[in-house]
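*Asks:*
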Amino acid sequence: MLEKRDRILTGDRPTGKLHIGHYFGSLQNRVKLQGKYETFIEVADVQALTDNFNHPEKVKKNVNEIVMDELAVGIDPNKATIFLQSMIPEIAELTVFYSNLVTIARLERNPTVKTEIAQKREIFGESVTYGFLGYPVSQAADITVFDGTIVPVGEDQLPLIEQCREIVRKFNSIYGETLYLPKAVVGDNKRIKGLDGNEKMGKSLGNAIYLSDSDEEIARKVMSAVTDPGRIKKDDLGNPDICMVSYYHKLFGKDPKEIEEIEKECREGKRGCVACKKQLIKNIIEVLEPIRERRRYYEERPEEVKEILMEGTKHAQKIAKETMKRVKEAMKLDYFA
Ligand code: TRP
Ligand code: SF4
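Quick note on the numbering used here: the sequence shown kicks off at 4 and runs consecutively.
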């Protein structure tokens, strides 16, 4: 029987900087939980290559950006282990073993994979690669090689965690109780809409506020946010329910009274949209400033960032080796042990 214990494992693909959608969806949770459980944060460079195999320089450049973003939001390298996926060969090895436990039809039905394939037509054309279709299998290896039981992620990742759970159950039923069953933990603000009103905030959609954006960038983005189109003059009665500025006030406002006041004034036509946006810009800057300040600290110290990633990777390598030993024993692959 497996000893009962919890460990956090989560990760990000290094394909760009992190934005406030990541912050509210998953980063805040990681920071909150890192003191409570042993925490592993993977920079998923191998997974990033599944849809960027022809842009290795882009993946490489973004590894550092992701590590700095994690540190900037408050991940503490003394509490959490940040590591690089490509330096853990056991993940690739486990992926091969798990690939026997998953059907192609099941992968093709995975809603997250399905959506992504549809969005990436220009990369994959009519036929998706084996590697991309199989990335949920490799993600299951990411999680289980560290015995991850708690996986803080955004809502879009739920089908991947479900697929991982299926693999774990199947593995355990065939080879005996060997792997820990993971569980997803999603932030309260599950999915953050874009400033343009799009249901999702995303790099590719061009509607995101990045953790590293400057005051000017934040101001420019907020000024162009979608508001109630029925409001032309300041005293037109407004509807904050269809305004992205009001939606963002709810995310960034410190005081519920302030938010109530904004909605009331908007409905009564007592609030100008420009002033309303300026107030939001101020609130966003206030929330992001400590994050940006810590990010600047690390931007000026690349050696320290490298050291954190190297030390984390070394620790992760040790853990992965231990799990692999258990897995190989269970699979009768312990020849020379
Ligand atoms: N698929 C995740 C994303 O795109 C990144 C990721 C890789 C991950 N490995 C993971 C998330 C393991 C949780 C657990 O954001
Ligand atoms: Fe939106 Fe504020 Fe304008 Fe109302 S006043 S429509 S909440 S920007």
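For glycine and all other residues, C-beta sits at the position ideal for the given N, C-alpha and C. Note that the structure is a prediction, hence the values are computed from the model and not measured.
Write down every uninterrupted run of the alpha helix (DSSP H) in the segment 32-104 whose length is 4 residues or greater and which is fully enclosed by it, in chain order.
*Replies:* For the segment 32-104, whole alpha helix (DSSP H) runs of length 4 or above, ordered along the chain, are 48-53, 59-76, 92-101.
*Asks:* Ordered along the chain, which non-local residues of its own chain (more than five positions away) have a Cβ less than 8 Å from that of Pro75?
*Replies:* Against the sequence shown, residue 75 aligns to sequence position 72. According to the sequence shown, residue 75 is Ala rather than Pro. Within the same chain, Ala75 has close Cβ partners Leu214, Ser215, Ile294, Arg295, Arg297, Arg298, Tyr301.
*Asks:* Using 7 Å as the cut-off, classify the Cβ of Cys276 as near or not near the heavy atoms of the ligand SF4, replying yes or no.
*Replies:* Here residue 276 refers to the residue found at position 273 when the sequence shown is read from its first residue. Flag set: Cβ of Cys276 near the ligand SF4.
*Asks:* Determine the direct distance from the alpha carbon of Ala333 to that of Cys246, and round the result to whole angstroms.
*Replies:* By one-based count along the sequence shown, residue 246 stands at place 243. By one-based count along the sequence shown, residue 333 stands at place 330. Going from the Cα of Cys246 to the Cα of Ala333 covers about 56 Å.
*Asks:* Roughly how many angstroms separate the alpha carbons of Gly315 and Ile235, rounded to a whole number?
*Replies:* For this step, residue 315 is matched to residue 312 along the sequence shown. For this step, residue 235 is matched to residue 232 along the sequence shown. Cα to Cα, the separation comes out at about 54 Å.
*Asks:* Give a yes or no on whether the C-beta atoms belonging to Asp150 and Arg10 are separated by under 8 Å.
*Replies:* Along the sequence shown, read from residue 1 onward, the residue named residue 150 stands at position 147. Along the sequence shown, read from residue 1 onward, the residue named residue 10 stands at position 7. A contact, by the Cβ cut-off of 8 Å.
*Asks:* Is the closest heavy atom of the ligand SF4 to the C-beta of Asp9 under 7 Å?
*Replies:* Taking the sequence shown and counting its residues from 1, the one referred to as residue 9 is at position 6. Answer for Asp9: no, Cβ out of range of the ligand SF4.
*Asks:* Determine whether the beta carbon atoms of Leu110 and Phe174 lie at a separation below 8 Å.
*Replies:* Along the sequence shown, read from residue 1 onward, the residue named residue 110 stands at position 107. Along the sequence shown, read from residue 1 onward, the residue named residue 174 stands at position 171. Against a cut-off of 8 Å, the Cβ pair of Phe174 and Leu110 comes out as no contact.
*Asks:* By the three-class DSSP mapping on this structure, what secondary structure does Thr106 have?
*Replies:* To locate residue 106, count along the sequence shown from 1; it is residue 103. Here Thr106 sits in coil by DSSP.
*Asks:* What does the alpha-carbon distance come out to for the pair Glu41 and Ala83?
*Replies:* Working through the sequence shown from its first residue, we reach residue 41 at position 38. Working through the sequence shown from its first residue, we reach residue 83 at position 80. Roughly 7 Å separates the two Cα atoms.
*Asks:* Nearest-angstrom Cα distance between Asp54 and Lys7?
*Replies:* In the sequence shown, the residue the question calls residue 54 occupies position 51. In the sequence shown, the residue the question calls residue 7 occupies position 4. Going from the Cα of Asp54 to the Cα of Lys7 covers about 36 Å.
*Asks:* Excluding sequence positions up to five away, which residues of its chain have a Cβ less than 8 Å from the Cβ of Val171?
*Replies:* Start at 1 with the first residue of the sequence shown, and residue 171 comes out as number 168. For Val171, where only same-chain residues beyond five positions count, the Cβ hits under 8 Å are Ala143, Thr147, Leu182, Tyr183, Leu184, Pro185.
*Asks:* Given a cut-off of 8 Å, decide if Thr18 and Ala51 are closer than it, judged by their beta-carbon atoms.
*Replies:* Residue mapping note: residue 51 aligns to position 48 of the sequence shown, counting from 1. Residue mapping note: residue 18 aligns to position 15 of the sequence shown, counting from 1. Closer than 8 Å, so yes.
*Asks:* Following a CB-centred definition, is Asp238 positioned closer than 7 Å to any heavy atom of the ligand SF4?
*Replies:* Position 235 of the sequence shown holds residue 238. Because no heavy atom of the ligand SF4 lies under 7 Å away, the Cβ of Asp238 does not count as near it: no.
*Asks:* Could you compute how far the alpha carbon of Ala222 sits from the alpha carbon of Ala108?
*Replies:* By 1-based counting over the sequence shown, the position of residue 222 is 219. By 1-based counting over the sequence shown, the position of residue 108 is 105. Approximately 46 Å between the Cα atoms of the pair.
*Asks:* Take Cys279 as the anchor and find which of Pro92, Val248, Pro114 has the nearest alpha-carbon.
*Replies:* Working through the sequence shown from its first residue, we reach residue 279 at position 276. Nearest option by C-alpha distance: Val248.
*Asks:* Assuming Arg304 is part of the alpha helix (DSSP H), what are its boundary residues?
*Replies:* On the sequence shown, position 301 is the one that residue 304 refers to. Arg304 -> no alpha helix (DSSP H), and no H or E assigned at all.
*Asks:* Find the nearest neighbour of Ser29 within the set Thr13, Lys39, Phe43, judged by alpha-carbon distance.
*Replies:* Here residue 29 refers to the residue found at position 26 of the sequence shown. Ranking the options by Cα distance to Ser29, first place goes to Thr13.
*Asks:* By DSSP, does Val189 sit in helix, in strand, or in coil?
*Replies:* Position 186 of the sequence shown, counting from 1, holds the residue named residue 189. Of the three classes helix, strand and coil, the one that applies to Val189 here is strand, per DSSP.
*Asks:* Leaving out five residues before and five after Gly190 in sequence, what residues of the same chain have Cβ atoms less than 7 Å from its Cβ?
*Replies:* On the sequence shown, position 187 is the one that residue 190 refers to. Phe27, Gly28, Ser29, Gln31, Asn32.
*Asks:* So which of Lys35, Arg16, Leu87, Gln37 has the shortest CA-CA distance to Ile2?
*Replies:* Outside the modelled stretch of the chain, which goes from 4 to 340, sits residue 2, for which no answer is possible.
*Asks:* Classify Asp9 as helix, strand or coil using the three-state DSSP reduction.
*Replies:* By one-based count along the sequence shown, residue 9 stands at place 6. Here Asp9 sits in coil by DSSP.
*Asks:* If you compare alpha carbons, which of Asp48, Gly38, Ile120 is closest to Glu60?
*Replies:* By 1-based counting over the sequence shown, the position of residue 60 is 57. The residue with the shortest Cα to Cα distance from Glu60 is Asp48.
*Asks:* Starting from the C-beta of Ala187, find all residues in its chain whose C-beta is less than 6 Å away, skip the five residues before and the five after it, and write them out in chain order.
*Replies:* What you label residue 187 is simply residue 184 of the sequence shown in a count that begins at 1. Taken in chain order, the residues that qualify are Val154, Val156, Leu161, Ile164.
*Asks:* For the beta strand (DSSP E) that Val156 lies in, which residues bound it at each end?
*Replies:* As a first step, residue 156 must be located in the sequence shown, where it is residue number 153. It spans 153-156 - the beta strand (DSSP E) in which Val156 sits, taken as one unbroken run.
*Asks:* Would DSSP call Asp145 helix, strand or coil?
*Replies:* In the sequence shown, residue 145 corresponds to position 142, counting from 1. Three-state DSSP puts Asp145 in a helix.
*Asks:* Does the beta carbon of Ile91 fall short of 7 Å from some heavy atom of the ligand TRP?
*Replies:* As a working mapping, residue 91 is identified with position 88 in the sequence shown. For the ligand TRP, not one heavy atom lies less than 7 Å from the Cβ of Ile91.
*Asks:* Looking only at its own chain, which residues have a Cβ that is under 6 Å from the Cβ of Val231, when we skip the five neighbours before and after it?
*Replies:* If you number the sequence shown from 1, residue 231 lands on position 228. The displayed chain sequence assigns Asp, not Val, to residue 231. Only Gly241, Asn242, Ile245, Cys246 meet the Cβ criterion.
*Asks:* Please determine, among Pro92, Glu158, Asp79, Glu73, the residue with the shortest C-alpha to C-alpha distance to Pro114.
*Replies:* Counting from 1 along the sequence shown, the entry for residue 114 is found at position 111. Of Pro92, Glu158, Asp79, Glu73, the residue nearest in Cα terms is Glu158.
*Asks:* To the nearest whole angstrom, what separates the beta carbons of Glu93 and Ala323, a pair I think is in contact under 8 Å?
*Replies:* Within the sequence shown, the letter at position 90 stands for residue 93. Within the sequence shown, the letter at position 320 stands for residue 323. So it is a contact: roughly 4 Å between Cβ atoms.
*Asks:* DSSP three-state label for Gly315, please.
*Replies:* In the sequence shown, the residue the question calls residue 315 occupies position 312. Here Gly315 sits in helix by DSSP.
*Asks:* Starting from the C-beta of Gly272, find all residues in its chain whose C-beta is less than 6 Å away, skip the five residues before and the five after it, and write them out in chain order.
*Replies:* Numbered from 1 along the sequence shown, position 269 holds the residue referred to as residue 272. Asp238, Asp239, Leu240.
*Asks:* Of all the CB atoms in chain B, is at least one closer than 8 Å to the CB of Leu163?
*Replies:* The structure shown contains no chain B; it holds only a single protein chain.
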